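Residues 4 to 254 in the numbering used here are what the sequence shown lists, from first letter to last. Glycine is no exception: its CB is placed at the ideal position from the N, C-alpha and C atoms. Because the structure is a prediction, the values reported are computed rather than measured. Shown next, in structure tokens, is the structure this report addresses.
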Amino acid sequence: MRRVIDWLFTIPFLVLLVLSLVVFDPVFRIARLFGVKSVGYVASAYMTFLLRLVFPVNGTRTTIEKSDRVSNSTPYIIISNHQSLYEFPLFGTGLFSNVPGFISKAENGKWYPTVSFYLRNGPNALIDRKDRSGSIRRIAELGRRAQELGHSVLIYPEGTRARDGRLKPYKTAGTLALMEAAPDLAVVPVAVDGGWIAMRHNFLPVPFGTRLRMRIGEPIPRTEGEDREAIIQEARRFADQALTEWRGIEA
4 MRRVIDWLFT
14 IPFLVLLVLS
24 LVVFDPVFRI
34 ARLFGVKSVG
44 YVASAYMTFL
54 LRLVFPVNGT
64 RTTIEKSDRV
74 SNSTPYIIIS
84 NHQSLYEFPL
94 FGTGLFSNVP
104 GFISKAENGK
114 WYPTVSFYLR
124 NGPNALIDRK
134 DRSGSIRRIA
144 ELGRRAQELG
154 HSVLIYPEGT
164 RARDGRLKPY
174 KTAGTLALME
184 AAPDLAVVPV
194 AVDGGWIAMR
204 HNFLPVPFGT
214 RLRMRIGEPI
224 PRTEGEDREA
234 IIQEARRFAD
244 QALTEWRGIE
254 A
């Protein structure tokens, strides 16, 4: 019976999702005429639209907690855990005015209507995970551009999504390159949960009533001679503590 309910609400959800991609595609293309950051703002608006109007169709519930020390319209390096594509709208909504750019595998820059256009033309970096040195170079370029243009960058140090929801070790190479390239951008630790449940069946179906959670922590200031590895591990502890707390509540 549970699976029947999931499918009953997944079908209209997927229809609305596809329609939204079609409707927003020309908006992204027009925004491109006004620069990379404009594309980023449209992406944040689109992700907010998804979270507020499309995701509720399949009963998705959302909780976003945000430190009041996170300033609007301020660029940051955002370090977060990663569970699935389903969590992306949390970042566009919770950090709307901070215009988060994404680091994505190169394959996502093709074949996906609207999404691929955004990844290629927005404040993002497409990387080939088989080319380690090239990936680090592109991440550093994104960091320099973010500091210059004033947009944020989201990085997932786990490297790949945690399909079972368990927090993985944070790899440091990409994040260290990003921090070195953008020394003026404070680091904001973020924790997310629930995306792995929503994508357990790769949209076929989406479990009805999934709860998505996000916690945006207090910015960690940058200083000369800072211990960047320690900052990355502090961000991981932040995510670990949030996941432990949330799952304790649900137990």
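| Asked | Found |
| --- | --- |
| Rounded C-alpha distance that separates phenylalanine 91 from leucine 36 | 24 Å |
| Proximity to threonine 226 [Cα-Cα], best of Ala189, Arg169 and Arg140 | Ala189 |
| CB-CB length for leucine 88 against methionine 217, believed under 8 Å | About 15 Å; that fails the 8 Å criterion. |
| Neighbourhood of serine 76 by C-beta distance below 6 Å, restricted to the same chain and skipping five residues each side | Ser100 |
| As assigned by DSSP and simplified to three states, the class of glycine 112 | helix |
| Reference glutamate 221, options Arg250, Tyr173, Ile80 and Gly43, closest by Cα | Ile80 |
| Alpha-carbon to alpha-carbon, glycine 228 and phenylalanine 16 | 49 Å |
| Three CB pairs or more closer than 8 Å across the segment 161 to 170 and the segment 122 to 129 | no |
| Status (buried if at least 16 other CB within 10 Å, exposed otherwise) for tyrosine 115 | exposed |
| Selection from Leu24, Leu157, Ser47 and Ala242 that minimises the alpha carbon distance to leucine 181 | Leu157 |
| Buried or exposed (CB count within 10 angstroms, at least 16 for buried), aspartate 9 | buried |
| Residues bridged to valine 156 (per DSSP) | Ile80 and Gly104 |
| Start-end ranges of the beta strand (DSSP E) lying completely within the segment 7 to 61, minimum 3 residues | none |
| First and last residue of the uninterrupted alpha helix (DSSP H) at methionine 182 | 176 to 184 |
| Within 9 Å, strictly: CB atoms of asparagine 111 and valine 209 | no |
| Alpha-carbon spacing of glutamate 68 relative to threonine 51, whole angstroms | 15 Å |
| Neighbourhood of serine 138 by C-beta distance below 8 Å, restricted to the same chain and skipping five residues each side | Ile130, Asp131, Arg132 and Gly177 |
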